[in-house]
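Q: Below: one structure in structure tokens.
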Amino acid sequence: MAAWQSGRDGRGLQILAGPCARARLRERGLRPEDVRVLPGAAGGPKGLILNLLDQHIFGPWLGASTQDVHLLGASIGAWRMATACLGRDDADMAQAFARMADEYVHQRYESRPGQRPTAESVSRGFSAKLTEIFGGREAEVLTHPRYRLHVFTSRGRHILAREGRLRTPLGYTGAFVSNLLARRAMGAWLDRVVFSDPRAPLPMPLSDFRSHQAVLSERNLLPAVLASCAIPFWLQAVQDVPGGPRGAYWDGGITDYHLHLNYAAMASEGLVLYPHFQRQVIPGWLDKSLKGRHAATAFLDNVVLLAPRPDWVARLPRGKLPDREDFQHYGDDVQARARAWQAAIAESERLRDDFAEACARGSIEAQSL
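Just so we're on the same page, the working numbering is the position in the sequence shown counted from 1, plus 369.
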């Protein structure tokens with residue numbers, strides 16, 4: 370049987386991989402038992418186009434294997450990974466992810482006509498939604514037979530240790546300038562705090578940036594996920610997440626936008642399967658405009674990345690992935706925005722089907738990351 374060619378015309382999905390992973394895919398294809406880690410990036414509504422792919426990967430595909438899998442998530446990625454921990458069978462998994470998509474697509478917050486909702490309003494509404502979905506099911510998330518959840522957050526230091534009308538913009542200005550000089554320099558303002566499944570620590574080191582590790586529990590699961598999704602100036606910070614170091618906690622994507630971590634350190638244990646909405650794995654949120662930090666590094670040697678092809682994206686509503694700009698574009702017409710996002714999710718059946726076809730082959734010719 371011929372190898373599955375990632376760049377073949379007509380496909381919606383492209384498969385990219387680091388050198389170690391490319392050799393393995395060429396030799397034996399992609400098998401569920403080879404996967405040890407699965408990251409979920411920050412990126413807001415962009416993550417919606419992964420919903421049907423998530424249903425398939427976490428349901429029947431990984432269900433054909435038995436090993437433990439570490440799920441790493443920041444922002445919407447944390448919500449996705451926590452959702453995966455609710456599923457105990459294929460039907461469960463499909464229902465959990467379908468609900469997540471529906472809740473995200475139809476989110477609406479109190480605001481005056483033509484004005485953006487306040488951070489207080491968005492935080493209050495989003496917190497209530499997380500409680501509705503995960504409240505009373507914290508133990509279920511933390512006792513999944515195979516999945517080990519790790520929630521990434523960003524904690525403010527010094528002036529950012531507490532949120533304030535002047536403190537927050539001044540602190541983030543300092544973080545922005547420091548990050549221009551060096552990513553590590555941003556650690557003077559913000560550090561990474563990872564809340565991990567009590568049964569298993571992260572399988573890779575966190576020496577690339579100032580970091581702390583804390584234990585996930587039934588008490589702090591919801592505050593940690595809320596903090597991981599708390600986009601500065603859009604949501605309020607979560608103050609003093611239980612079980613973590615004291616401080617104001619914001620979106621995990623600030624320090625780890627796309628979770629560009631040292632996965633190569635655990636290469637001997639297996640592959641990292643990364644469903645993503647683009648081919649670049651950008652380290653931090655403030656690195657989005659710093660193109661020199663978008664290139665792959667040796668950290669990604671054992672990563673298999675799944676991303677939509679640009680020509681597939683061009684067929685989506687407005688010729689792009691769903692994003693937060695849609696809130697402004699559609700304004701108060703929530704239903705128009707919802708229809709556009711639902712159409713993008715429906716189109717992502719192509720990504721799921723391409724992945725299933727690739728995995729059915731004994732060999733995959735992946736593109737280089």
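Where is the CB? At the ideal position from N, CA and C, for every residue including glycine. A quick note: this is a predicted structure, and the numbers were derived from the prediction, not measured.
1) Please name the residue, chosen from Ala465, Arg477, His629, that lies closest to glycine 700 on a Cα-to-Cα basis.
2) In whole angstroms, what separates the C-alpha of phenylalanine 646 from that of alanine 664?
3) In whole angstroms, what is the alpha-carbon distance linking glycine 412 and threonine 435?
4) What is the DSSP secondary structure of histidine 439, counted as helix, strand or coil?
5) Going by the DSSP bridge assignment, what does glycine 525 pair with across the sheet?
6) Give the DSSP bridge partners of tryptophan 654, in chain order.
7) So what's arginine 693 in DSSP terms, helix, strand or just coil?
8) Check this for me: beta carbons of histidine 513 and cysteine 598, under 7 angstroms apart or not?
9) Looking only at C-alpha atoms, which of Tyr516, Ala569, Ser732, Met573 sits nearest to glycine 398?
10) Below 7 angstroms between beta carbons: does that hold for valine 673 and leucine 640?
11) Please confirm whether proline 691 and proline 388 have their CB atoms less than 7 angstroms apart.
12) Counting pairs of beta carbons, one from the segment 488–496 and one from the segment 720–737, are three or more of them closer than 8 angstroms?
13) Give every residue of the same chain whose Cβ lies closer than 7 angstroms to the Cβ of arginine 553, excluding the five residues on either side of it in the sequence, and list them in chain order.
14) Jot down the residue ranges of each uninterrupted beta strand (DSSP E) in the segment 545–604, minimum 3 residues, whole runs only, in chain order.
15) Helix, strand or coil: which one does DSSP assign to glycine 398?
16) Is the separation between the beta-carbon of glycine 416 and that of isoleucine 384 shorter than 7 angstroms?
17) Look up leucine 674 in the DSSP assignment and give the residues it is bridged to.
18) My output table needs one value for glycine 428: the three-state DSSP class, helix, strand or coil.
19) Out of Pro482, Leu440, Gly432, Ala451, point me to the one whose CA is closest to aspartate 459's CA.
20) Taking arginine 706 as part of the alpha helix (DSSP H), name the residues at either end of that continuous run.
21) Could you tell me how far apart the beta carbons of leucine 421 and glycine 504 are, in whole angstroms, since I believe they sit closer than 8 angstroms?
A: According to the data block:
1) Answer by Cα proximity: Arg477.
2) Taking the CA atoms as reference points, phenylalanine 646 sits about 16 angstroms from alanine 664.
3) Rounded to the nearest angstrom, the two C-alpha atoms are 30 angstroms apart.
4) Here histidine 439 sits in strand by DSSP.
5) BP columns for glycine 525 point to Leu559.
6) Residue pairing by DSSP leaves tryptophan 654 without any beta bridge partner.
7) Looking at arginine 693 - three-state DSSP - the assignment turns out to be coil, as it is neither helix nor strand.
8) Their beta carbons are not under 7 angstroms apart, which means histidine 513 does not touch cysteine 598 by this criterion.
9) Out of Tyr516, Ala569, Ser732, Met573, Ser732 has the C-alpha closest to the C-alpha of glycine 398.
10) Contact: yes.
11) Not in contact: proline 691 and proline 388 (Cβ atoms no closer than 7 angstroms).
12) Output reads no: the segment 720–737 does not touch the segment 488–496.
13) Phe578, listed in sequence order.
14) Here the runs fully enclosed are 559–565, 580–584.
15) Correct three-state label for glycine 398: coil.
16) No Cβ-Cβ contact shorter than 7 angstroms links glycine 416 with isoleucine 384.
17) Leu385, Tyr643.
18) When DSSP states are grouped into helix, strand and coil, glycine 428 belongs to the helix group.
19) Among Pro482, Leu440, Gly432, Ala451, the Cα nearest to that of aspartate 459 is on Gly432.
20) Segment 703–716, the alpha helix (DSSP H) holding arginine 706.
21) So it is not a contact: roughly 26 angstroms between Cβ atoms.
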